[in-house]
Structure formats: C-alpha cells, structure tokens
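Undergrad: Numbering (the numbering used here), first residue to last: 287 to 434.
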Amino acid sequence: MSQIERTLGLIKPDAMAQGLLGKILDQIIGAGFRIVGLKLVKLTPEQAEAFYSVHREKPFFRSLVEFMTSGPVVAFVLEKENAVAEYRALMGATDPAKAAPGTLRALFGQNVERNAVHGSDSPDNARREIAFFFAEAELLPAPTPMVV
Ligand code: UDP
Ligand code: MG
Numbered sequence: 287m288s289q290i291e292r293t294l295g296l297i298k299p300d301a302m303a304q305g306l307l308g309k310i311l312d313q314i315i316g317a318g319f320r321i322v323g324l325k326l327v328k329l330t331p332e333q334a335e336a337f338y339s340v341h342r343e344k345p346f347f348r349s350l351v352e353f354m355t356s357g358p359v360v361a362f363v364l365e366k367e368n369a370v371a372e373y374r375a376l377m378g379a380t381d382p383a384k385a386a387p388g389t390l391r392a393l394f395g396q397n398v399e400r401n402a403v404h405g406s407d408s409p410d411n412a413r414r415e416i417a418f419f420f421a422e423a424e425l426l427p428a429p430t431p432m433v434v
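(1) May I ask which residues mark the beginning and end of the alpha helix (DSSP H) holding Phe353?
(2) Going by the beta-carbon positions, is the gap between Arg292 and Leu364 smaller than 8 Å?
(3) Compute the minimum distance between the beta carbon of Asp410 and the heavy atoms of ligand 3, and state whether it is under 7 Å.
(4) Less than 8 Å between the CB atoms is what I'm expecting for Ala402 and Lys298, so what's the real figure, rounded?
(5) Please work out which residues of its chain come closer than 7 Å, Cβ to Cβ, to Arg374, disregarding the five sequence neighbours upstream and downstream, and give them in chain order.
(6) Leaving out five residues on either side along the sequence, give the residues of the same chain with a beta carbon under 7 Å from the beta carbon of Ser288.
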C-alpha cells in the first residue's frame, strides 16, 4: 500500500468566473480525495510570480501572472494515497485539447493557459505549495499516521 500523501490544488480564475467551483470539487470528492484545507484567495502579482517562479523565463510567464491575478482562485489541500500523481491524473494534460476525456481540464479548461485547475507536480513541490497557501493549523489533522 502506498503512503497517504498531500497535494495542493487551485481552481483558477477562469473556472471560478464560470461558476465551476462546485462541479470541480464534486469530481475531486467523487474520486476519493479528502479535502483537508480550502480557501478563496485573490493573488497579488507578487504572489503569482512567486508561486510560478519556476516559469519566470518562459514566454507565457507574464500572461500567466496576469491571468492568475484576474480574479479569485480557490486553493485546497487534498489527501489520498499517492495524492500528487492521482490528482495530476484527474486533472489531465496541461493543454485541455490534449487532456484525456473525462479529466478536469478536458471537461472545464478553455486553452493551454486557461485550463481551470492547478495541481502540484511532485511531493516536494506539494509541500512548498501547501506552505505557500496554508498554515498547518488551517488544515484538518490526518485520519491516519503520516510519514513526512
Ligand atoms: N501555461 C501556459 N502556456 C503554456 C504552458 C503552460 O499558459 O504553453 C500555463 C498553464 O496555465 C499551466 C501553467 O502555465 O497550467 C503552468 O505550466 P506547467 O507547465 O507547470 O503545467 P501544469 O503543471 O499546470 O500542467
Ligand atoms: Mg506545473
């Protein structure tokens, strides 16, 4: 049995503006994830730049920061066995046109930038991204002992 793990997700401004919060959370809960933290946040440009700092040199960076600050996002922490990889699978590929049918990005994304949701890409980045949005005291305690 693999380890219980946590990952950080975002519902991006495009999906929030379309009223998709409930539908997306419903799919996540239906897929067996436990939501252990949740908040609505309006990112500042500085926060969006820091969150996506790995992409600082990419041609899409300025546009991405503009998009991510265009309206509120919902940040959440998910808990499940193998949560990082399982939530990436539930989201689908970055480009909704290439995402597998039934994935969140195929269902709700508009294009490679406005792709509805974010998910951490590794356990290390999950820890960094969870700490970016949440203090430990804001998260539900794990139901089973966790190895960190
Ligand atoms: N993005 C973009 N153009 C691209 C690639 C990515 O606008 O060609 C945006 C998109 O919103 C994506 C985010 O930048 O979700 C981060 O890119 P990454 O390659 O990390 O994709 P992800 O991990 O979100 O699938
Ligand atoms: Mg990424």
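The C-beta atom is built at its ideal place from N, Cα and C for all residues, glycine as well.
In this text the structure is predicted, and so the values were computed from the model without any measurement.
TA: With the given structure in hand:
(1) Residue numbering aside, residue 353 sits at position 67 when the sequence shown is read from its first letter. Phe353 -> alpha helix (DSSP H) spans 347-354.
(2) Along the sequence shown, read from residue 1 onward, the residue named residue 292 stands at position 6. Along the sequence shown, read from residue 1 onward, the residue named residue 364 stands at position 78. Going by C-beta atoms, Arg292 is nearer than 8 Å to Leu364.
(3) Ligand 3 is not among the ligands present in this structure, which contains only ligand 1 and ligand 2.
(4) In the sequence shown, residue 402 corresponds to position 116, counting from 1. In the sequence shown, residue 298 corresponds to position 12, counting from 1. Their Cβ separation, rounded to whole angstroms, is 6 Å, which keeps Ala402 and Lys298 in contact under 8 Å.
(5) As a working mapping, residue 374 is identified with position 88 in the sequence shown. Within the same chain, Arg374 has close Cβ partners Gly405, Asp407.
(6) The residue you call residue 288 lines up with position 2 of the sequence shown. So the qualifying residues of the chain are Glu367, Asn368.
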